[in-house]
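Structure first, commentary second.
In UniProt numbering, the protein residues as written are 1 to 399.
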């Protein structure tokens with residue numbers, strides 16, 4: 001089984017320190033003058049936060065990452081715009097742009113993606129998301145409930161595939177209709193982006209089983225990841241699919257020695273507890289309707305005296321970031337040898353795409369690229385859709 005490595009781009013500000021700390025780079029901080037680099041954004045500045053993201057993207061490419069994930073949230077930069085800007089600053093790096101079917105009609109998404117693919121040599125990957133918070137969905141104007149959002153996403157992808165593979169596509173569903181549209185001319189040369197998705201609800205798993213090339217997960221104990229992979233594979237078989245693959249998002253704090261890595265993790269942890277970010281995390285969690293990961297049930301919102309070591313759920317797998325409010329919440333903490341071993345362990349249970357990042361993202365792209373990725377050179381393989389992938393089209397919702 002091959003393996004590939006992507007990183008993440010921080011579209012809502014750098015996190016060398018706690019989120020909102022004015023020492024962080026960029027202007028995504030909670031008020032007051034920032035002391036960080038590229039902090040005083042104004043229209044016309046010669047170097048902005050987007051330029052900093054360009055530096056991270058180039059560093060990722062230089063250090064051998066295959067691509068970069070851009071998380072979509074109302075509080076950050078818009079991913080599709082950013083990846084369009086950065087495509088011309090890189091040569092081979094793929095960009096995983098997260099968006100919701102609510103944001104676009106299927107045709108607009110198809111036309112934009114085909115144009116992007118032609119311009120970049122097929123470097124776009126889609127991450128179809130459906131929102132983890134009903135409250136936030138309503139803030140951005142989407143009032144469908146959880147399961148309806150996934151039903152809409154399923155229709156969205158049915159129509160996307162129909163438009164992409166037919167010049168005269170017809171469809172009548174609950175959410176979308178099509179009467180004869182489809183890609184024509186040079187746009188037909190573009191490849192349909194690889195499809196990623198996430199989510200642990202039944203509706204999310206069923207959507208992934210039908211449409212995803214990669215099902216993405218936040219890190220948990222390896223046993224729980226293995227169980228989730230087995231469940232998704234079983235659901236995919238109902239659609240005749242045996243080629244669904246799996247990705248894992250996890251932070252990395254790797255140093256020459258385990259002691260040095262632990263010291264850096266503890267710096268974050270102690271500062272977070274001292275500044276009360278545990279309470280802030282608890283307040284934010286009240287807006288979220290997505291499933292809590294297993295280790296999140298162990299958080300005590302009232303007791304801030306939990307110890308640093310309490311958050312190791314497996315050797316070198318530390319969930320303290322989640323406790324102090326730094327997503328995705330889980331990190332590999334240890335020596336370079338430790339981190340390589342844990343990656344191999346997750347790879348052994350079925351994960352073959354890893355989203356690795358550290359703080360600050362720019363410097364840590366070099367650290368991971370120099371000390372972690374070389375151990376996997378013989379196993380690396382660029383992401384690609386299997387040649388024999390079946391394309392399932394539906395003329396109507398009753399077909």
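Even glycine gets a Cβ: it sits at the ideal position worked out from N, Cα and C.
**Asked** If you run the structure through DSSP and keep just helix, strand and coil, what is residue 384?
**Response** If you number the chain shown from 1, residue 384 lands on position 384. Correct three-state label for residue 384: coil.
**Prompt:** With DSSP run on the structure shown, which of helix, strand or coil describes residue 211?
**Reply:** As a first step, residue 211 is located in the chain shown; it is residue number 211 there, counting from the start. Reduced to three states, the DSSP call for residue 211 is helix.
**Asked** What are the uninterrupted segments assigned as beta strand (DSSP E) that are 3 or more residues long and contained completely in the region 219-266, given in chain order?
**Response** 245-255
**Prompt:** Taking the C-alpha atoms as reference points, what is the distance between residue 321 and residue 18?
**Reply:** Translated into positions along the chain shown, residue 321 becomes position 321. Translated into positions along the chain shown, residue 18 becomes position 18. Whole-angstrom Cα-Cα distance: 10 Å.
**Asked** DSSP three-state call for residue 181: helix, strand or coil?
**Response** Residue 181 sits at position 181 when you count from the first residue of the chain shown. Note: residue 181 maps to strand in three-state DSSP.
**Sub-7 Å separation of residue 376 and residue 62 beta-carbons** = On the chain shown, residue 376 is found 376 positions in, with the first residue counted as 1. On the chain shown, residue 62 is found 62 positions in, with the first residue counted as 1. Taking 7 Å as the Cβ cut-off, residue 376 and residue 62 do not qualify as a contacting pair.
**Item:** residue 254 vs residue 232 beta-carbon contact at 7 Å
**Value:** Numbered from its first residue, the chain shown carries residue 254 at position 254. Numbered from its first residue, the chain shown carries residue 232 at position 232. Contact: no.
**Message:** Suppose the cutoff is 7 Å on Cβ atoms and the five residues either side in sequence are ignored; what does the same chain contact list for residue 147 look like?
**Reply:** Locating residue 147 in the chain shown gives position 147, where the first residue counts as 1. Correct list, in chain order: 203.
**Request:** Taking only beta-carbon positions, decide if residue 29 is within less than 7 Å of chain D.
**Result:** In the structure shown, chain D cannot be found, because there is only a single protein chain.
**Message:** Whole angstroms are fine: how far does the CA of residue 15 sit from the CA of residue 226?
**Reply:** In the chain shown, counting from the first residue as 1, residue 226 sits at position 226. In the chain shown, counting from the first residue as 1, residue 15 sits at position 15. Distance between the alpha carbons of residue 226 and residue 15: 30 Å.
**Message:** Would residue 222 and residue 372 qualify as a contact pair, given that the criterion is a beta-carbon distance under 7 Å?
**Reply:** Taking the chain shown and counting its residues from 1, the one referred to as residue 222 is at position 222. Taking the chain shown and counting its residues from 1, the one referred to as residue 372 is at position 372. No, they are not a contact pair.
**Residue(s) in a DSSP beta bridge with residue 171** = Along the chain shown, one-based indexing puts residue 171 at 171. According to DSSP, which records beta bridges pairwise, residue 171 is partnered with 178.
**Message:** What would DSSP say about residue 391, mapped onto helix, strand or coil?
**Reply:** For the purposes of this step, residue 391 is taken as residue 391 along the chain shown, with counting starting at 1. Legend: pLDDT at residue 391 = 46, less than 50; position of this residue unreliable, no value from coordinates given.
**Presumed contact (8 Å Cβ cut-off) between residue 194 and residue 344, rounded CB distance** = On the chain shown, position 194 is the one that residue 194 refers to. On the chain shown, position 344 is the one that residue 344 refers to. 24 Å between Cβ atoms; not a contact.
**Asked** Is the Cβ-Cβ distance between residue 334 and residue 316 less than 7 Å?
**Response** Residue numbering aside, residue 334 sits at position 334 when the chain shown is read from its first letter. Residue numbering aside, residue 316 sits at position 316 when the chain shown is read from its first letter. Yes; because the gap between Cβ atoms is below 7 Å, this pair is in contact.
**Request:** Closer than 7 Å by C-beta to residue 182: which residues in its own chain qualify, once you throw out the five before and the five after it? Chain order, please.
**Result:** Counting from 1 along the chain shown, the entry for residue 182 is found at position 182. Excluding positions up to five away in sequence, the list reads 163, 166, 167, 168 and 169.
**Request:** Could you tell me which residues DSSP pairs with residue 313 in its beta bridges?
**Result:** Mapped onto the chain shown, residue 313 falls at position 313. None, per the DSSP bridge assignment.
**Request:** Provide the residue span of the beta strand (DSSP E) that contains residue 196, from first to last.
**Result:** Taking the chain shown and counting its residues from 1, one reaches residue 196 at position 196. Residues 194-197.
**Request:** Using alpha carbons as the reference points, say which of 103, 56 and 107 lies closest to residue 78.
**Result:** Stepping through the chain shown from its first residue, residue 78 is reached at position 78. Checking every option, the nearest Cα to that of residue 78 belongs to 103.
**Message:** Cutting at 7 Å between CB atoms, please list the residues of its own chain near residue 311, excluding the five before and the five after it.
**Reply:** The residue given as residue 311 occupies position 311 in the chain shown. 318, 319, 320 and 323, listed in sequence order.
**Prompt:** What's the C-alpha gap between residue 270 and residue 242?
**Reply:** As a working mapping, residue 270 is identified with position 270 in the chain shown. As a working mapping, residue 242 is identified with position 242 in the chain shown. Their Cα atoms are separated by approximately 45 Å.
**Prompt:** For residue 128, which residues does DSSP report across the bridge?
**Reply:** Translated into the one-based positions of the chain shown, residue 128 becomes position 128. In DSSP, residue 128 forms a bridge with 99 and 197.
**With 16 other Cβ atoms within 10 Å as the buried cut-off, status of residue 358** = Residue mapping note: residue 358 aligns to position 358 of the chain shown, counting from 1. The residue is buried, with at least 16 neighbouring Cβ atoms inside 10 Å.
**Asked** In whole angstroms, what is the alpha-carbon distance linking residue 308 and residue 113?
**Response** Walking along the chain shown from the start, residue 308 turns up at place 308. Walking along the chain shown from the start, residue 113 turns up at place 113. Distance between the alpha carbons of residue 308 and residue 113: 44 Å.
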